[in-house]
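Numbering (my numbering), first residue to last: 354 to 651.
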């Protein structure tokens, strides 16, 4: 049976071409070393050394076996190193879900920091709603989520950690009468047609719009719904509706959309973006990602 110890003994003899020096190098007596090489030759089925009283040399087969022995030990070293890197969260793979609005600033920033610190962890990144992320986390289709919190009670098996706080702003068509102001009060949008995030796919954001408008003294007239932020902005650009969107979307420039801050102090305009993962998940790469997220949170 081949093993690393026997291969190192063979390599010592092949490099020293002297059993006495090779025995001293590997730390055993000369006789056991000679017996080990004989057993190796019997296992391989061909002589590896030519011996006489004065010299030791490699046979042609021995030279080939020496090349393979070097490769064997190299692969062993690589396997050990990769295993240790995986244990330390330096390699491996992660699947990350993110809500569309986090894709403008929050998510790219976090991933850039992570990739710089852990370049050998493979990331699969998928945009999906908070609801879909929770389903994928529970079903092990995702390792991590970047989503809105607080979560519904049924997400009891999910851990979260706050990553960033945000605040809603209004998105208006540039042709809107209020588009030229520096800021507006939410009650100025009473009677407007709203595009909301889907009640089915993004229930928390849908409910937030209603709560914020109610706090401002009116119920929003929701005529359009979209599950992704890109669709919301497109409908605003088309002049069909106004919308409440996270402030970090200000970087999502559109020539037909004007973003304005809201003067209201309502708590319903505040948002939390958190990192989420399964309770008890012991993936070392996950621990590395959470370490980076903790450092970048704020």
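Note that beta-carbon positions come from the ideal geometry of N, C-alpha and C, so glycine has one too.
Starting from the C-beta of residue 374, find all residues in its chain whose C-beta is less than 6 Å away, skip the five residues before and the five after it, and write them out in chain order. Cβ within range, chain order: n/a, list empty.
Work out the CA separation of residue 366 and residue 404 for me, nearest whole Å. Approximately 12 Å between the Cα atoms of the pair.
Near residue 538, what residues of its chain come up, given a Cβ to Cβ distance below 8 Å and the 5 sequence neighbours on each side ignored? Around residue 538, the same chain offers 569, 615, 616 and 617 as residues with beta carbons nearer than 8 Å, after the five sequence neighbours per side are excluded.
Starting from residue 465, follow the alpha helix (DSSP H) in both directions and report where the run begins and ends. Note, residue 465: alpha helix (DSSP H), 459 to 470.
Residue of 393, 408, 426 and 434 minimising C-alpha distance to residue 415: It is 393.
Measure the Cβ-Cβ separation of residue 376 and residue 360 and say whether it is below 8 Å. Not closer than 8 Å, so no.
According to DSSP, residue 595 sits in a beta bridge with which residue or residues? As DSSP reads the structure, residue 595 sits in a beta bridge with 547.
Can you give the beta carbon distance from residue 523 to residue 597, rounded, assuming they're within the 8 Å contact cut? Residue 597 and residue 523 do touch by the CB rule: their CB atoms are close to 6 Å apart, below 8 Å.
Could you compute how far the alpha carbon of residue 487 sits from the alpha carbon of residue 609? Near 34 Å, if we compare the C-alpha coordinates of residue 609 and residue 487.
Tell me the rounded alpha-carbon separation between residue 604 and residue 458. If you take the alpha carbons of residue 604 and residue 458, they lie about 8 Å apart.
Simplified DSSP state of residue 488, which is helix, strand or coil: Reduced to three states, the DSSP call for residue 488 is helix.
Distance, residue 379 Cα to residue 396 Cα: Each residue's alpha carbon lies about 21 Å from the other.
How many angstroms separate the CA atom of residue 475 from the CA atom of residue 445? Roughly 6 Å separates the two Cα atoms.
Roughly how many angstroms lie between the CA atoms of residue 653 and residue 481, to the nearest whole one? Any question about residue 653 goes unanswered here, given that the chain covers just 354 to 651.
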